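In the numbering used here, the protein residues as written are 45 to 467. See structure below.
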């Protein structure tokens, strides 16, 4: 018996040594001829943490690295080791890295009772299949939020429900709430709903038969909260408030986008959020560019809103997927920093390519328009913009460049090219 205990002790010691060296060797790649010199600390015992929100697991401990998968909020995952400000984690049979700010300790040192099955795709939770309860009543949206067809991120968006809207709660499915809004039924994540009015609730006669048009007039956004604690980018432009029609159109479009929340990977469409500019919504005639001329058109001035959003997006270093320049150079923003929109033909679109939700705060009045994008910073990033332009014939040509400085390194890329007709 004594001999067996000694042998078990020797084997346990050998296993411990192998475990430590196995973790250290994971960061060396002799085949590539390089070794990662970043200090890596392995957990002395199996440790677990939970995601503070939905977050990308990346292939390397750095922003911009390939995304392995998306891990849902409040998911318990195994911590493998620490690499600077990043944790190497194991989830669903895969290993990758998450910025430490987005993990919260669970206090567990052993495996949770139920671990997700190892598959080749992100597992669907049981809550994805609605199991309705008797929970009903009136609730209010705490920000502009997407109403989805299914109770999960990534499902189709039915429409955007504006901030402060009173909606009918018809059931629950896990962390999602089924609501009825504008004669349609869909799902909203419960953290964007409140039993108490925000003081900006909408009228009950919402526009009918519309999945994208929102006619909301609130211009106040609550930006407090852990997810929206950092300013990612902001832009202010100015206009002549004495021009009533244009000022009205700017106010309406600004109010429509204010409070919009985008989850990681979600796309923003200005036409999709603002909707068709109609007289029924209060839009008025103002100067627009059409066929090389300045003419009166319904909704003139909305392009200043889209251009201001564009500026905030550039400074936030978000991914722009659609943008057009005006026929003529505009005076309210520097050359090649404009974004022309016209419902049905021209749109401005961008994607939330960060690891966390972002929120758009927009306000206008007294001749100024400000758009700020809130989210969560993971690095001390600085963005500067510059442009080059030339004149040839009847046109002015311009190119916009963006310089991103991060961790002491600067990278400059060409953002767009613009062509303007000279007046």
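Built from N, CA and C at the ideal position, the CB exists for glycine as well. Because the structure is a prediction, the values reported are computed rather than measured.
Should residue i and residue j be called a contact, given that it needs their Cβ atoms to be closer than 8 Å?
i           : j           : result
residue 430 : residue 442 : no
residue 308 : residue 182 : no
residue 302 : residue 404 : yes
residue 417 : residue 276 : yes
residue 120 : residue 94  : yes
residue 216 : residue 222 : yes
residue 238 : residue 186 : yes
residue 320 : residue 386 : no
residue 289 : residue 334 : no
residue 455 : residue 445 : no
residue 413 : residue 281 : yes
residue 101 : residue 133 : yes
residue 131 : residue 144 : yes
residue 240 : residue 313 : no
residue 367 : residue 460 : yes
residue 397 : residue 423 : no
residue 359 : residue 279 : yes
State the Cα-Cα distance for the pair residue i and residue j, rounded to the nearest angstrom.
i           : j           : result
residue 381 : residue 364 : 12 Å
residue 427 : residue 369 : 21 Å
residue 361 : residue 395 : 10 Å
residue 415 : residue 283 : 14 Å
residue 192 : residue 213 : 14 Å
residue 285 : residue 349 : 14 Å
residue 467 : residue 371 : 10 Å
residue 234 : residue 227 : 20 Å
residue 447 : residue 99  : 26 Å
residue 331 : residue 345 : 7 Å
residue 383 : residue 409 : 21 Å
residue 400 : residue 337 : 43 Å
residue 224 : residue 376 : 40 Å
residue 389 : residue 128 : 47 Å
residue 105 : residue 421 : 16 Å
residue 204 : residue 438 : 42 Å
residue 184 : residue 220 : 14 Å
residue 354 : residue 118 : 33 Å
residue 232 : residue 201 : 10 Å
residue 317 : residue 206 : 10 Å
residue 378 : residue 462 : 12 Å
residue 453 : residue 103 : 21 Å
residue 449 : residue 138 : 32 Å
residue 419 : residue 272 : 4 Å
residue 322 : residue 126 : 55 Å
residue 469 : residue 112 : Given a span of 45 to 467 for the chain in the structure shown, any question on residue 469 remains unanswerable.
residue 208 : residue 300 : 12 Å
residue 340 : residue 315 : 20 Å
residue 433 : residue 326 : 38 Å
residue 218 : residue 294 : 39 Å
Less than 7 Å between the CB of residue i and some heavy atom of the ligand ADP, yes or no?
i           : result
residue 428 : The model on display carries no ligand, and the ligand ADP is accordingly not part of it.
Identify the residues that DSSP records as bridge partners of residue i: which are they?
i           : result
residue 333 : 338
residue 228 : 225
residue 427 : 448
residue 461 : 443
residue 102 : 111, 141
residue 352 : According to DSSP, residue 352 bridges with nothing at all.
residue 30  : The requested residue 30 does not occur in the structure, where the chain is confined to residues 45 to 467.
residue 203 : 191
residue 366 : 393
residue 312 : 394
residue 122 : 92, 134
residue 282 : 412
residue 456 : 447
residue 211 : 183
residue 216 : 221
residue 274 : 419
Nearest by alpha-carbon distance to residue i: which of the options is it?
i           : options            : result
residue 135 : 116, 148, 128      : 116
residue 464 : 425, 436, 400      : 436
residue 305 : 406, 392, 379      : 406
residue 296 : 462, 279, 324      : 324
residue 391 : 351, 398, 111      : 351
residue 122 : 287, 112, 140, 354 : 140
residue 402 : 366, 357, 433, 423 : 357
residue 195 : 202, 208, 184, 230 : 230
residue 190 : 433, 236, 379      : 236
residue 343 : 92, 374, 279, 298  : 298
residue 148 : 315, 112, 91       : 91
residue 374 : 440, 326, 341      : 440
| task | Counting only runs of 3+ residues fully inside the segment 385-419, write out the beta strand (DSSP E) ranges in chain order. | result | 393-395, 402-409, 412-419
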